[in-house]
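J.: Residue numbering for the sequence shown follows full-length UniProt numbering, beginning at 1 and increasing consecutively.
Just so you know, even glycine gets a beta-carbon here, dropped at the ideal spot from N, CA and C.
The model shown is predicted, which means the values in this text are computed figures rather than measured ones.
Questions regarding the structure given below will be posed in turn.
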Amino acid sequence: MSQTYPYIATCPKGLEQLLASELAALGAEVGRESVGSISFVANVATAYRICLWSRLANRVLLVLTEYRGENAEALYEGIKALDWSTHLSATSKITIDFNGQSGDIRNTHFGALKSKDAVVDYFLAKGSQRPSIDKDNPDVRINVRLRKGYITVAVDLSGESLHRRAYRSSGAMAPLKENLAAALLQRADWPGMASRGGGLIDPMCGSGTLLIEAAMMAMQIAPGLLRNRWGFLGWRGHDQAAWDSLIEEAQSMRAKSMARDWPEIRGYDANGKVVAQAEENIENAGLGRFVKVSRRELAQLAMPTHRTLPEGLLITNPPYGERLGEQAELLHLYRHLGQAMKAHFVGWQGAIFTGNADLGKRMGVRSYKQYQLMNGTIPAKLLLFNINEDAFVVDRDAAVDKSKDAVSDAPLTAGGQMFANRLRKNIKRLSKWKNKNDIECYRVYDADMPEYSVAVDCYGSAVHIAEYIAPATISEEDAERRLREVIEAVSQVFSVSAGNIAIKERRRQRGKDQYQRQAPRNSFMELREGQAKVLVNLYDYLDTGLFLDHRPVRLDIAARARGKRFLNLFSYTGVASVQAGVGGARFTTSVDMSKTYLQWARRNLSLNGLSESRHRTEHADCRKWLKECEDQYDLILLDPPTFSNSKRMDDVLDTQRDHAELINDAMRCLAPGGVLIFSTNKRDFILDNSVVENYKVEDKTRWSLDEDFSRGGKPIHYCWYLEHK
1 MSQTYPYIAT
11 CPKGLEQLLA
21 SELAALGAEV
31 GRESVGSISF
41 VANVATAYRI
51 CLWSRLANRV
61 LLVLTEYRGE
71 NAEALYEGIK
81 ALDWSTHLSA
91 TSKITIDFNG
101 QSGDIRNTHF
111 GALKSKDAVV
121 DYFLAKGSQR
131 PSIDKDNPDV
141 RINVRLRKGY
151 ITVAVDLSGE
161 SLHRRAYRSS
171 GAMAPLKENL
181 AAALLQRADW
191 PGMASRGGGL
201 IDPMCGSGTL
211 LIEAAMMAMQ
221 IAPGLLRNRW
231 GFLGWRGHDQ
241 AAWDSLIEEA
251 QSMRAKSMAR
261 DWPEIRGYDA
271 NGKVVAQAEE
281 NIENAGLGRF
291 VKVSRRELAQ
301 LAMPTHRTLP
311 EGLLITNPPY
321 GERLGEQAEL
331 LHLYRHLGQA
341 MKAHFVGWQG
351 AIFTGNADLG
361 KRMGVRSYKQ
371 YQLMNGTIPA
381 KLLLFNINED
391 AFVVDRDAAV
401 DKSKDAVSDA
411 PLTAGGQMFA
421 NRLRKNIKRL
431 SKWKNKNDIE
441 CYRVYDADMP
451 EYSVAVDCYG
461 SAVHIAEYIA
471 PATISEEDAE
481 RRLREVIEAV
491 SQVFSVSAGN
501 IAIKERRRQR
511 GKDQYQRQAP
521 RNSFMELREG
531 QAKVLVNLYD
541 YLDTGLFLDH
551 RPVRLDIAAR
561 ARGKRFLNLF
571 SYTGVASVQA
581 GVGGARFTTS
591 VDMSKTYLQW
601 ARRNLSLNGL
611 SESRHRTEHA
621 DCRKWLKECE
631 DQYDLILLDP
641 PTFSNSKRMD
651 DVLDTQRDHA
661 ELINDAMRCL
671 APGGVLIFST
681 NKRDFILDNS
691 VVENYKVEDK
701 TRWSLDEDFS
711 RGGKPIHYCW
721 YLEHK
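Printed below as a string of structure tokens:
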């Protein structure tokens, strides 16, 4: 037992220093460090201990020989010269893992074949039966490495990679390897926090790897205790007594740990199937009493309230944008994660493992330490955070550039002064309502005076002016003069420079040219409606991404949505779906023909921590999609455009002509007791009599117009709530 041997322990790139410390703590005499491996010297019992207890290693290799050689002949002769009968029997099943190449050995298959021939020929030369090859379940796994002109031959004592702990029965999308998860936890000082009674939360836990590794680390459970297959069991030098002693010791420690109370370890994921996989893995690990997971959106992330946890670790491995999502959408997911850290986890530590460090920088929290690692083939970084006010940074997207043009104080024309007076009057009239209801985005002016045919909307501190088409009796020169007066008045009333006012100019062209488009800015503002956050773009598109007149309907959807299945037809930028999701909808489906708006919708959903697994977007013609839909929904929003002749449609959509058919198809998808909300902005719209006859219909038009749209004349939109009779 006291005789020592040379070994090599392999690990993922970037974990070498951690592994060296772990090997020393387990009793090994640590030697040379190379990329992805550590050499060490130990007796057999210590090597077994490392196999059983290492949380970081991939393999433990017992080195049999190392010699100089680059060609096939040297490879063959060196391996054949070894005394293989001391390591395996003639009837053993073997496999060869070969790594490296040279001018003579150009691929691993040839190297493995030549190595196998040498082992087999050793036994044949002795007149013995030859070992057989079994790649799947070998008795002995032989590792041969050719590197820098040297050949290293070893017996793999681990068998299969040590990261396979035998608790994972199924993996979620992009699962994190167990030894990499353990390394992240060690770098984040989870063992220290756990020893002080701290908790751990993973808000996007996937199949639960971080949670399980954290629990085994805190409870000092040997990571290899569940494994049945080991490489040394078929090795002729195996010491069963030493192994039995180690297993007995580890089982005794585990039994004592299971009888104690341990830190709070919780995981959440929006995908129900993934949560079920995590629960299965946790049960396989025997940790069901200590590790809890539940289906929860990132939007619901908060500190547990059933016990006080002044210290803890918020750790997660969110999607990177490589395979699992678009970076534009993930930007807002990371920002939401940072906002949740600042709102609920002050005093805790944070650890974000990401393959996209730029996304990590957008969280609004400054990391104090970063580690470069590899997640499979993807370069990744572990970002560590002290979650406190000193680490909070201002969102650069929301920062106001105060260096822009100053607000003009030039005297207004008589017309401009008249327009400014009307703005101030409207602002005063709306202020009490706006403040009481905490409204950020609202309409201040909507062609109140015929001479100034524009709409003026406030979006937080920004102002948006949309010009209506002037009557034919108004000359182009007069229209331009009045628009200049509007801009100057808005600049002074709202104390904002003209350069910071978004202006949409309409002229008498048709189709896409009716607005004079400015150069795209790709400038999105984050604003709030009720409990939801929304992205608006005041410059780049025909509309801003938020129809202000439908605010009451969207907020009512949020109030009704808890536990409901919500369908959003002609969904635009998905704000109604966001409101439903924030309101607790079981799931939402958003259907639209525009890829641009659907991407915008996904960004809005991500901004609010709402996942695509529960909040699906569908790129489709709504009419065709409805005809084929076989699902049932409890709450449906049907808000079609007044008219559409998109090339992507098979036919022209005319809401006046087609609304009865649209409503009938949507009602077919409405579950008993559900509500269909139908709305249209067609000014002269008349609801078809058949709709009133077939369904229970409630006219909600006046109710659905808030103070900023409750002007005289025809309403800006019509709205009905429909139910089955």
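Taking the straight line between their C-alpha atoms, what separation do you get for Arg164 and Ile212?
T.: Within the sequence shown, the letter at position 164 stands for residue 164. Within the sequence shown, the letter at position 212 stands for residue 212. Going by the C-alpha atoms only, they are around 13 Å apart.
J.: Could you tell me the distance, in whole angstroms, from the CA atom of Arg260 to the CA atom of Ala250?
T.: Taking the sequence shown and counting its residues from 1, one reaches residue 260 at position 260. Taking the sequence shown and counting its residues from 1, one reaches residue 250 at position 250. Whole-angstrom Cα-Cα distance: 16 Å.
J.: Which runs of the beta strand (DSSP E), 3 residues or longer, sit entirely within the stretch 524-559?
T.: As far as the stretch 524-559 is concerned, its whole beta strand (DSSP E) runs of at least 3 residues are 525-529 and 532-536.
J.: Taking Ser54 as the reference, which of Asp83, Gly111, Thr91 and Glu16 has the closest Cα?
T.: The count along the sequence shown starts at 1 and reaches residue 54 at position 54. The residue with the shortest Cα to Cα distance from Ser54 is Glu16.
J.: Going by alpha carbons, who is nearest to Asp117 out of Ile96, Phe678 and Leu162?
T.: Along the sequence shown, read from residue 1 onward, the residue named residue 117 stands at position 117. Checking every option, the nearest Cα to that of Asp117 belongs to Ile96.
J.: Hey, Leu225 and Leu185: beta-carbon distance below 8 Å or not?
T.: In the sequence shown, residue 225 corresponds to position 225, counting from 1. In the sequence shown, residue 185 corresponds to position 185, counting from 1. Contact flag unset, no.
J.: Using CA coordinates, which residue listed in Gly460, Asn421 and Lys425 is at the minimum distance from residue 729?
T.: In the structure as shown, the chain begins at 1 and stops at 725. Residue 729 is therefore absent and cannot be evaluated.
J.: Look up Phe587 in the DSSP assignment and give the residues it is bridged to.
T.: Locating residue 587 in the sequence shown gives position 587, where the first residue counts as 1. Beta-bridge pairing links Phe587 to Arg565.
J.: Classify Gln3 as buried or exposed, calling it buried when 16 or more other Cβ atoms lie within 10 Å of its own Cβ.
T.: Here residue 3 refers to the residue found at position 3 when the sequence shown is read from its first residue. The residue in question, Gln3, is exposed, as its Cβ has fewer than 16 Cβ neighbours within 10 Å.
J.: Please state the DSSP three-state secondary structure of Ser245.
T.: Taking the first residue of the sequence shown as 1, we reach residue 245 at position 245. Of the three classes helix, strand and coil, the one that applies to Ser245 here is helix, per DSSP.
J.: How close, in whole Å, do the beta carbons of Val35 and Asp239 come, if the pair is a contact with beta carbons under 8 Å?
T.: In the sequence shown, the residue the question calls residue 35 occupies position 35. In the sequence shown, the residue the question calls residue 239 occupies position 239. The pair is not a contact, with the Cβ atoms about 32 Å apart (cut-off 8 Å).
J.: Would Asp139 be called buried (16 or more neighbouring beta carbons within 10 Å of its own) or exposed?
T.: In the sequence shown, residue 139 corresponds to position 139, counting from 1. Buried.
J.: Applying the criterion that 16 or more other CB atoms from any shown protein chain within 10 Å of the CB defines a buried residue, is Phe643 buried or exposed?
T.: Walking along the sequence shown from the start, residue 643 turns up at place 643. Flag for Phe643 reads exposed.
J.: Using 8 Å as the threshold, is the stretch 305-315 in touch with the stretch 198-208, meaning 3 or more CB pairs across them?
T.: Contact holds: three or more Cβ-Cβ distances are below 8 Å.
J.: Less than 7 Å between C-beta atoms, sequence neighbours within five positions excluded: which residues of the same chain meet that for Leu18?
T.: Counting from 1 along the sequence shown, the entry for residue 18 is found at position 18. Cβ within range, chain order: Leu56, Ala183 and Gln186.
J.: Use the C-beta contact count for Val144: other C-beta atoms within 10 angstroms, 16 or more gives buried, fewer gives exposed.
T.: Indexing the sequence shown from 1 puts residue 144 at position 144. The residue is buried, with at least 16 neighbouring Cβ atoms inside 10 Å.
J.: Within 10 angstroms of its Cβ, does Thr680 collect 16 or more other Cβ (buried), or is it exposed?
T.: Along the sequence shown, one-based indexing puts residue 680 at 680. That one is buried.
J.: Taking the alpha carbon of Ser453 as the reference point, which residue from Ser461, Ala466 and Cys441 has its own alpha carbon closest?
T.: Position 453 of the sequence shown holds residue 453. Comparing Cα positions, the closest option is Ala466.
J.: Can you grab the Cα-Cα spacing for the pair Ile8 / His306, in whole Å?
T.: Residue 8 sits at position 8 when you count from the first residue of the sequence shown. Residue 306 sits at position 306 when you count from the first residue of the sequence shown. Cα-Cα distance, rounded: 47 Å.
J.: Taking Asp654 as the reference, give the member of Phe685, Ile636 and Met593 with the closest Cα.
T.: Here residue 654 corresponds to residue number 654 of the sequence shown, with the count starting at 1. Ranking the options by Cα distance to Asp654, first place goes to Phe685.
J.: Shortest alpha-carbon distance to Ile427 belongs to which of Ala414, Tyr442, His464 and Asn437?
T.: As a position in the sequence shown, residue 427 is number 427, starting the count at 1. Cα-wise, what sits closest to Ile427 is Tyr442.
J.: At 4 residues or longer, what runs of the alpha helix (DSSP H) sit wholly inside the stretch 4-84?
T.: You should have 16-25, 44-53 and 72-80.
J.: Give the DSSP bridge partners of Trp720, in chain order.
T.: On the sequence shown, position 720 is the one that residue 720 refers to. Answer is Phe678 and Asp699.
J.: Please work out which residues of its chain come closer than 8 Å, Cβ to Cβ, to Pro191, disregarding the five sequence neighbours upstream and downstream, and give them in chain order.
T.: One-based indexing of the sequence shown puts residue 191 at position 191. For Pro191, where only same-chain residues beyond five positions count, the Cβ hits under 8 Å are Leu185, Met217 and Ala218.
J.: Please classify Trp230 as buried or exposed, where buried requires at least 16 other C-beta atoms within 10 Å of its C-beta.
T.: Residue 230 sits at position 230 when you count from the first residue of the sequence shown. Per the 10 Å Cβ criterion, buried.
J.: Less than 8 Å between the C-beta atoms of Met193 and Gln349, yes or no?
T.: The residue you call residue 193 lines up with position 193 of the sequence shown. The residue you call residue 349 lines up with position 349 of the sequence shown. For Met193 and Gln349, yes; Cβs fall inside 8 Å.
J.: Does the separation of the CB atoms of Leu538 and Tyr459 fall below 8 Å?
T.: Numbered from 1 along the sequence shown, position 538 holds the residue referred to as residue 538. Numbered from 1 along the sequence shown, position 459 holds the residue referred to as residue 459. Going by C-beta atoms, Leu538 is nearer than 8 Å to Tyr459.
J.: Can you list, in chain order, the residues of its chain with a C-beta nearer than 7 Å to that of Ala666? Leave out the 5 residues immediately preceding and following it.
T.: One-based indexing of the sequence shown puts residue 666 at position 666. Leu569, Leu626, Ile636, Leu638 and Leu676.
J.: From Ala72 to Arg196, what does the alpha carbon distance come to, in whole angstroms?
T.: Start at 1 with the first residue of the sequence shown, and residue 72 comes out as number 72. Start at 1 with the first residue of the sequence shown, and residue 196 comes out as number 196. Distance between the alpha carbons of Ala72 and Arg196: 57 Å.
J.: Would you kindly work out how many angstroms separate the C-alpha atoms of residue 727 and Lys342, rounded to a whole number?
T.: An answer regarding residue 727 cannot be provided, because it is not within the stretch 1 to 725 covered by the chain.
J.: How about Glu612 and Arg528: do their beta carbons lie closer than 8 Å?
T.: By 1-based counting over the sequence shown, the position of residue 612 is 612. By 1-based counting over the sequence shown, the position of residue 528 is 528. Cβ atoms of Glu612 and Arg528: not closer than 8 Å.
J.: With a 10 Å radius around its C-beta and 16 neighbouring C-beta atoms as the bar for buried, classify Gly376 as buried or exposed.
T.: Here the question's residue 376 lines up with position 376 in the sequence shown. That one is exposed.
J.: Which residue comes first and which comes last in the beta strand (DSSP E) that contains Pro379?
T.: Sequence index remark: in the sequence shown, residue 379 carries index 379 (1-based). Unbroken beta strand (DSSP E) run through Pro379: Ile378 to Asn386.
J.: Taking the C-alpha atoms as reference points, what is the distance between Asn435 and Arg429?
T.: Translated into the one-based positions of the sequence shown, residue 435 becomes position 435. Translated into the one-based positions of the sequence shown, residue 429 becomes position 429. About 11 Å.
J.: Kindly list the residues whose CB is nearer than 7 Å to the CB of Lys177, restricted to its own chain and excluding five residues on each side of it in sequence; keep chain order.
T.: Against the sequence shown, residue 177 aligns to sequence position 177. Excluding residues within five positions, the ones whose Cβ falls inside 7 Å are His163.
J.: Which residues does DSSP pair with Lys292 in a beta bridge?
T.: By 1-based counting over the sequence shown, the position of residue 292 is 292. Note: Lys292 sits in a beta bridge opposite Arg266.
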